[in-house]
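Numbering-wise, the sequence shown is residues 22 to 152 according to our numbering. Virtual Cβ for every residue (Gly too), placed ideally from N, Cα, C. Quantities reported herein were computed from a predicted structural model and do not represent experimental measurements.
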Amino acid sequence: MSQHYFLRTQRFHRIVYNFPHAGFIFPEANACQIKMNKQLVKGFLKNAKVLLREEQEEGEIHVTHKDGDPYDKWDLVKKAEKIGLVLHESVPFYKNKYPAYHNKRAHGCFSDAPFRLGDSTTFKFRLARSC
């Protein structure tokens, strides 16, 4: 993403990734599946950080993620902190607040079909302040 010929010259106020997922290779709670999803999120956060506006209060990365097991094992906040982001805010995600949003599967024989959201949270990250 940060190496894309057009994107690499841009800086953004908001970068949003709703319900990241590496695809169903293994069952959702399988350690290998969790590891793949963690790698996906880590790669996204690293790339998004490069593309974020540097003004402290302006740029945010939003990641919307399902709550509970096994999703909590992705360690989203820890991953963000390790690459120099801080959690600014976390808010419940209510699909009805986004009438034009349609969640879709992206992999397998049911791709393009909606999936059950359940309880979900949007995590809003900013660049960590340098001392």
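Which of helix, strand or coil DSSP assigns to phenylalanine 144: Within the sequence shown, residue 144 is the residue found at index 123, counting from 1. Three-state DSSP puts phenylalanine 144 in a strand.
Integer Cβ distance of alanine 96 from lysine 67, believed to fall under 8 Å: Start at 1 with the first residue of the sequence shown, and residue 96 comes out as number 75. Start at 1 with the first residue of the sequence shown, and residue 67 comes out as number 46. The displayed chain sequence assigns aspartate, not alanine, to residue 96. At roughly 15 Å, the Cβ-Cβ gap does not stay under 8 Å, so aspartate 96 and lysine 67 are not in contact.
DSSP bridge partner residues for tyrosine 38 (one or two, in chain order): Residue mapping note: residue 38 aligns to position 17 of the sequence shown, counting from 1. Val84, per the DSSP bridge assignment.
Cβ contact (3+ pairs, closer than 8 Å) linking the segment 71-85 and the segment 30-41: yes
Alpha carbon of leucine 61 to alpha carbon of phenylalanine 144, nearest angstrom: One-based indexing of the sequence shown puts residue 61 at position 40. One-based indexing of the sequence shown puts residue 144 at position 123. So the two alpha carbons sit approximately 16 Å from each other.
Glutamine 54 and phenylalanine 47 closer than 7 Å at C-beta: On the sequence shown, residue 54 is found 33 positions in, with the first residue counted as 1. On the sequence shown, residue 47 is found 26 positions in, with the first residue counted as 1. Cβ distance < 7 Å, so glutamine 54 and phenylalanine 47 count as in contact.
Contact set for alanine 134: own chain, Cβ-Cβ below 6 Å, skip 5 residues either direction: Against the sequence shown, residue 134 aligns to sequence position 113. So the qualifying residues of the chain are Arg126.
Check: histidine 86 C-beta below 6 Å from any heavy atom of the ligand FMN: In terms of ligand content, the structure shown is empty, and the ligand FMN therefore cannot be addressed.
Coil, strand or helix - phenylalanine 65 by DSSP: Looking up residue 65 in the sequence shown gives position 44. In the structure shown, phenylalanine 65 sits in a helix (DSSP, three-state: H, G or I).
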